[in-house]
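Undergrad:
Residue numbers (my numbering): 157 to 564.
1. Once the 5 residues before and after residue 348 are set aside, which same chain residues still bring their CB inside 6 Å of it?
2. Rounded to a whole number of angstroms, what is the C-alpha to C-alpha distance between residue 532 and residue 526?
3. Which residues in the same chain have their Cβ closer than 7 Å to the Cβ of residue 544, if we skip the five residues on either side of it in sequence?
4. Can you list, in chain order, the residues of its chain whose CB lies under 6 Å from that of residue 253, leaving out five sequence neighbours each side?
5. Quick check: what's the CA-CA separation for residue 470 versus residue 422?
6. How many Å lie between residue 303 and residue 310 at the Cα?
7. From the DSSP output, in three-state form, read off residue 480 for me.
8. Looking only at C-alpha atoms, which of 352, 555, 462 sits nearest to residue 394?
9. Pull up the distance between the alpha-carbon of residue 502 and that of residue 509, whole angstroms please.
10. Mind checking whether residue 364 and residue 346 have CB atoms under 8 Å apart?
11. Should residue 438 and residue 505 be called a contact, given that it needs their Cβ atoms to be closer than 8 Å?
12. Name the residue from 431, 361, 481, 388 whose alpha carbon lies nearest to the alpha carbon of residue 407.
13. Assuming residue 344 and residue 366 make a contact with CB atoms under 8 Å, what is their CB distance in whole Å?
14. Nearest to residue 492 by alpha carbon, out of 292, 424, 441?
15. Determine the DSSP secondary structure at residue 311, reduced to helix, strand or coil.
16. Whose C-beta lies closer than 7 Å to the C-beta of residue 233 among residues of the same chain, with five residues either side of it excluded?
17. Less than 8 Å separating the beta-carbons of residue 523 and residue 455?
18. Starting from residue 282, follow the alpha helix (DSSP H) in both directions and report where the run begins and ends.
19. If you compare alpha carbons, which of 547, 229, 288, 246 is closest to residue 126?
20. Assign residue 97 to buried or exposed, taking buried as 16 or more other Cβ atoms, counted over all protein chains shown, within 10 Å of its Cβ.
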């Protein structure tokens, strides 16, 4: 039977964890407790001891106590918690996971949660949940609840917040149990989208949905592309229409929406078919105007909204982006197709629009063409990326690759 896995320090937060455990069990959830406390003995007996977690992280409780270094202890217990959580998931124990704490407890619990697959309920009550949560959430569906007060005793406010958290997790676990066996057998495909490529992606999605596929659309804001790549690695996604590859531009130039140096590599490594286009490679993303680095002050900009400033990519950057894209696709273990819309790569890169760039598009085209292996189809279209014809070619190309994969 899958259980509610509770992970945290039972020495300093033992009373709070006992309270949550009791609340979960009152809801009918069976609990499995992992202790990550380093300073002292647990308030109650866990299913996995702190020493087991420390050893999974490459040390031992004795060594950590002798060293008496908080940073080292948090790092070791975070590694160990992630390893233990992955083992419990493999054993079929994890129905959901609960954690709580300040920065240290949040770091350890979130490390464990990030090792679990997307879809497994993960609830983390944290004192830092109202700030920048990206280091803790990463690309996983971790639900963070702000604790309002510190995790320090059971009082009128913490009792309500921790009860709500326990009830939420219990409800998620229970609902998943009720839905077992009810999921459809549609193959899942991934698409990437930006506001400036929405018409294209919407039409592609409609075509593929009509063919019976389940579609996941990822907003190409760095975390979106990273999330898609992680789901590909996990085997969740069976084909990709990577229409909006703009995150490559942010990685190259230094924008805020980079998905890291390995973007556009997961599908090829996993051996799943992909159709790739050049959506929004005309732009690099920054925050408000005053956040744009000074070295770019002479560049062409467009104020997308008060918090997002777009910068036009140059001829040289586009040529390099083409080379990067081609080299990544050359490593693919499965069929890939490139679709290049010659009249524009976004709603801003069209005749009469702020980022219209004939020479930039030509450089991008040349960068891809020069480096792409000849056995990878390179489809050139006279329309812009948001023209219905382009969407139809992308969708039909992916359907063709998926059919070939089935036959193979």
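Even glycine gets a Cβ: it sits at the ideal position worked out from N, Cα and C.
TA: Straight from the coordinates:
1. 374, 376, 398, 399, 400
2. 12 Å
3. 359
4. 161, 269, 278
5. 27 Å
6. 12 Å
7. helix
8. 555
9. 10 Å
10. no
11. yes
12. 481
13. Incorrect: roughly 16 Å between the Cβ atoms, too far for contact.
14. 424
15. coil
16. 192, 194, 209, 210, 213, 264
17. no
18. Note, residue 282: premise wrong, no alpha helix (DSSP H); beta strand (DSSP E) at 278-282.
19. Missing from the structure shown is residue 126; the chain here goes from 157 to 564 and no further.
20. Nothing about residue 97 can be read from this structure; the chain reaches only from 157 to 564.
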